[in-house]
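Per UniProt numbering: the sequence shown = residues 1 to 673.
Below: the structure, in structure tokens.
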Amino acid sequence: MAASDSGVKPLQNAMKMAKEAIQLEGGNSHKEAYYEYLRTINYISHALLEEEKNEMVAVEVERMLRLAEQCLERAKSFLAKRSEPPDPSTSTCCASAGQLEPFQTEAGPTSVNTATDSHLDAPPQVGGYTKSGHRRVLSDGGGELSPFPPPEVFQRLQAVVSEESCKKDLTPIEEASRLNQKLRASYEARVARLTPGQVYQKTSLTLSLQRQMMENIIIAKARQDALQRKMEERRLRLQEEANRRFAASGAMTADEQEQRLLYANVLEYEQDHDWPKQWRASIKKNPDSSLVLDFLSYLLSQSDHPLVKLLRKHQYSIYNKLYPIVSKSLPQSPAMLLRPSRSVHSLLLSESHRKPIRTTSPSFGSHSFSIDASLSPSRSHDVHTNYDEVVDAEVAVERDNSFEDLEQFLSQLDWASPISSLDADVTCDPSMELDESHLEELELRALKEHLKAIVKDIHIAIDQLLSLCLLSFDCLNTATFKDLCLGSIEEAFFTPLWSALLALFRRVHREREQLFERNMRLFCCASPADVGVPLKLFPQDPLALKGSYPYESAVQELKLLVQDCCPQRKLECVVRTLRLICACAEDYKCLQGGDPTPRTAAIGADDLLPILSFVALRCQCPQLVSECAALEEFIHESYLIGEEGYCLTSLQSALAYVESLQAEDQIPEVKLK
């Protein structure tokens, strides 16, 4: 355990243990995570008691107490979840649904907003069951606990590996400080052995100690100044080398200047470390893909490298923008009314003079999977214009919290039930009230804008990381190795961010997921023929399946998609699913035809859609809607025209087909219960 490590500061041990607890929580091992949080708290308390004798630095004590407080917060959240009554709406409507797993458990930590994404037929919660959630969650009394750590904890956990792997040499001042501590301890031991009559000897020892400590400090300062001069000379020399590398006519852009500075940092890093030169020579001697993958894995494990530092910086920036949304859930009630003084209408019109916002689209909500089409271009332009104006006005405050205006806007909404709004001292103006659908439209529009900005930031971050990687190691600047670099960078970048990022996608695509789930329940007993699969492409005799159901292997493969945290691995899972569908269709066709030789073109594109729809239904995972929407945003351009792009488009079409199914037209009446 981390507590037993020697030579490591107690704060680093505690952060290791907290990181293990969060990893267990992310892996859906809630019980083990709860125990690990308690062990972390116990270790911190013992460490503080032990280090009290050694006079630990006050800053470290404060950080350890803050970490213990956050671990206690997470442990309390498990107790709150354990005492929460089960949702009666999670039971399915069909007898065979007992064999299917609820989709929330497969989502792992990504199914955070199931409170806001409640099932369609679930009755509203009448009881006043409230939970004291995270300290940064909206205190609305009905908010959900956030399974995501706050940004400062996220950043600290990402930096734990850096503190572990980076064993920096002590500066001359630090060496002198440690030497003086040893001298002082030796002095105190010698003084303790003196008798009361040896007062003069004690004075001599004190003067000798002061002289030695002062000499050590003076020598250390001189060494420190000389070292700083040498470091500054080296920095200027490397800066000139970077300038020559980026020499170009005309003025450099801000991005080019930042890239030049990063490259200079890489050059400075390579002055102190030999492994980049050794790896570079090995790759030039043997340009093998497996060797490049090993190198990229080693590179991304060196947390003191400028490339990895830049990756951590971008991760924290993205997470800092995601956390205010995914950690909060808006209160829901059967009928939500706004008091006139705090209405959405007055809040929006107080900023600028524009056209009335109450122009609901008649087609809004009728086709939830094509909701973007219901927004007119003119209104979309107005949204972009006003969003840019707000951002330009708030640049001086803080760029990292780009969602602050929306967060403040949502927090100002004064929710009131129909009964509580009938106060004698408040006069409700019906013209100022906004219906629930229009309010959801405003929220959805704001969420889409924020999601669009985050996706853009992610693309910029990955492009910058890839450019720095290829610039630092020019031996990787080939088509094959470039794809390997991109895949490794994406996996390292998305792994800690995917759960929070997917939570935002699920907020945006909430209506589509609910529609998919409704049809998923209605069709849980449907056969392949009920969704349009030709009879020749699945066995008619149940005995031929030996207790399973058609295309079960493809269903099990598709269920694995939600367990990965890297878009490229998810795409590979989609490709494997479609390959299994084709293999099963060939086997079923040969089984019924009795001819095992022809195995080409067993199914066409028209047959693939209903089969894939059946597989998606059997998967019982509405989260697939948001997963595919996220994959569409982050799929690389080279994959769009390849097998991956075709498979992803086919899966999206199948999901949209399931959403569009009508129960009374498609399902036999005997199967509707």
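Think of the CB as a built atom: it goes at the ideal place given N, C-alpha and C, for glycine as much as any other residue.
For F634, the enclosing alpha helix (DSSP H) stretches over residues 623 to 634. Listed in chain order, the non-local C-beta contacts of E491 below 6 angstroms within the same chain comprise C566, local neighbours out to five positions each way being set aside. Annotation note: the segment 477 to 534 contains the following uninterrupted alpha helix (DSSP H) runs of length 4 or greater, listed N- to C-terminal: 479 to 494, 498 to 508, 510 to 522.
The alpha-carbon separation between Q592 and A585 amounts to approximately 11 angstroms.
It is roughly 39 angstroms from the alpha-carbon of T206 to the alpha-carbon of R66. Contact between S289 and T480 holds, with the beta-carbon distance rounding to 7 angstroms and staying under 8 angstroms.
Look at Q12 here: in three-state DSSP terms it is helix. By the neighbour-count criterion, in which 16 or more other beta carbons inside 10 Å mark a residue as buried, Q201 falls on the exposed side. Take the alpha-carbon of K452 and the one of G487: they are about 22 angstroms apart.
Of the residues F148, L561, L447, S472, the one whose Cα lies closest to the Cα of R510 is L447. Taking all protein chains in view, the Cβ of I218 is surrounded by fewer than 16 other Cβ atoms within 10 Å, so the residue is classified as exposed.
With fewer than 16 neighbouring CB atoms inside 10 Å of its own CB, L79 falls in the exposed class. Put simply, the backbone Cα of L179 is about 28 angstroms away from that of P196. With distances taken between CA atoms, C469 lies nearest to R260 out of L227, R260, V59.
Here T40 has A14, M17, A18, A21, C71 as same chain residues with Cβ atoms under 7 angstroms from its own Cβ, once five neighbours each way along the sequence are excluded. By the Cβ neighbour-count rule, N286 is exposed, with fewer than 16 other Cβ atoms within 10 Å of its own.
A residue is called buried when at least 16 other Cβ atoms come within 10 angstroms of its Cβ; K284 does not meet this threshold and is exposed. A distance below 6 angstroms between beta-carbons, with the five flanking residues on each side excluded, links P172 to the following residues of its chain, in chain order: A220, R223, Q224. Within a 10 Å sphere around the beta-carbon of R190 sit fewer than 16 other beta-carbons, which makes this residue exposed.
Counting along the chain, R39 sits inside the alpha helix (DSSP H) bounded by residues 30 to 51. P149: not part of any alpha helix (DSSP H); DSSP gives it neither H nor E.
Taking 8 angstroms as the cut-off, the Cβ atoms of F154 and Y35 do not count as close. Taking 4 residues as the minimum length, the alpha helix (DSSP H) runs contained wholly in the segment 270 to 320 are 275 to 285, 289 to 301, in order along the chain. Y657 is the residue among K570, H450, Y657, I460 whose C-alpha sits nearest the C-alpha of L515.
For F538, there is no enclosing alpha helix (DSSP H), as DSSP gives it neither H nor E.
The DSSP assignment places no complete beta strand (DSSP E) segment of no fewer than 3 residues inside the segment 171 to 246. No residue range can be given for A544, since it is assigned to no alpha helix (DSSP H) and is classified by DSSP as neither H nor E. Put simply, of C573, R618, S613 the residue whose alpha carbon is nearest the alpha carbon of G645 is C573. Counting the other Cβ atoms within 10 Å of the Cβ of L651 gives 16 or more, which makes it buried. DSSP places I603 outside any alpha helix (DSSP H), giving it a letter other than H or E. Assignment of T649 by DSSP, reduced to helix, strand and coil, places it in the helix class. The residue among S613, A68, V562 with its C-alpha nearest the C-alpha of L578 is S613. In the three-state reduction of the DSSP assignment, Y549 falls in the coil class, being assigned neither a helical nor a strand state. About 6 angstroms separates the beta carbons of E627 and V562, which is inside the 8 angstroms limit, making them a contact pair.
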